[in-house]
Amino acid sequence: MHSITLEVFAEIDGIGSASGLFLQEDLLYIIGDNSGYLNEYNIKTRKLRKIQILFDRSLNQLENIPKSLKPDFEILCHNNNKLYILGSGSTPKRNLMIEFDLKTQKFVQKDLTSTYAKLKAIAKIDDQNFNLEGAIFTGTEWMLFNRGNGIEAQNGIFKTQGADLAKIPQTQFNYFKLPNINHVESSFTDAALVKNEIFFIATAEDSQSTYADGEIMGSFIGSINLQTLKLTFSNKISGKHKFEGITLFSQTEHNTTFLLCEDRDNEELRTSIYRLVINF
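Per the working numbering: the sequence shown = residues 19 to 298.
What follows is the structure, given as structure tokens:
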């Protein structure tokens, strides 16, 4: 059994609907699912810098973009000094990927419509059940986590070889059963790779829609073995929070510490970052 502690790490004004984060030294990068900015927060100085990554003239605003128009950036992952920001694919407007180079501060946009269509065909997931919320990129392989909050509850992990996600050569889909709360199955909301373990967060939300929000029943953290893709452990961490982003903070022989972000499903430009410690 694992001992877990959860506490507020930081309160940040200027960020709403936080859905993904990545920590590199003192800089915490945060995305929101309804924003056209990448946020860079210095955890030492507590200063926030906004980096515009979406340039769409049809949008009247880049914060709190209306639900029907938002890019739904649910994924923020990292490899080789680049950040990868992905839309969930849950509607045709949510198929964009942005590669952001941390050294040059330049970015490249890619359309993943064709890739997402291939993933749905391979896994036999229809448009109403496709909703990517987490990703891990090793440099040679992508793992994409489908949140099974549609009516079919199709939690699973796509594994695809190759570096360019816009040109996937082959893919396999691994269905995954996650814990439930009051008969509401939890579903993937993000994941992070730590050595040979995939640490994931999942939320039980009483809704059978990838589009409409529902009552939050609780959230879990757990780990999956990288080679076998078998569940190692899972623990409930909250009965009210909808955690949507996870990043490694520190690790020792006896514990692993993560930072988590929460999507409050409202228009308030304020977010809480939580520190989660797992004692082994």
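All C-beta atoms in this analysis are idealised placements derived from N, C-alpha and C, irrespective of residue type, glycine included.
- Here the alpha carbons of L46 and M115 stand approximately 20 Å from one another.
- V126 and T250 have their alpha carbons spaced roughly 36 Å apart.
- Classified as exposed, Q190 has fewer than 16 neighbouring CB atoms from the shown chains inside 10 Å of its CB.
- Taking C-alpha positions only, Q269 is separated from K213 by approximately 11 Å.
- Taking C-beta atoms as the reference points, G263 and G38 count as a pair closer than 8 Å.
- In the three-state reduction of the DSSP assignment, K254 falls in the strand class.
- At the C-beta level, A184 and T265 stay beyond 8 Å of one another.
- For K128, no alpha helix (DSSP H) run applies; the uninterrupted beta strand (DSSP E) run containing it begins and ends at 125–129, by DSSP.
- Sequence-distant partners of E159 (beyond 5 residues in either direction) whose C-beta falls short of 6 Å from its own C-beta, in its chain, are Q179.
- DSSP places K138 in the helix class (H, G or I) of the three-state scheme.
- Taking the Cα of K136 as reference, the smallest distance to any Cα among G107, T122, K111 is reached at G107.
- Per DSSP, the continuous beta strand (DSSP E) segment holding Q190 begins and ends at 189–193.
- As the crow flies, the alpha-carbon of S256 is around 29 Å from that of Q245.
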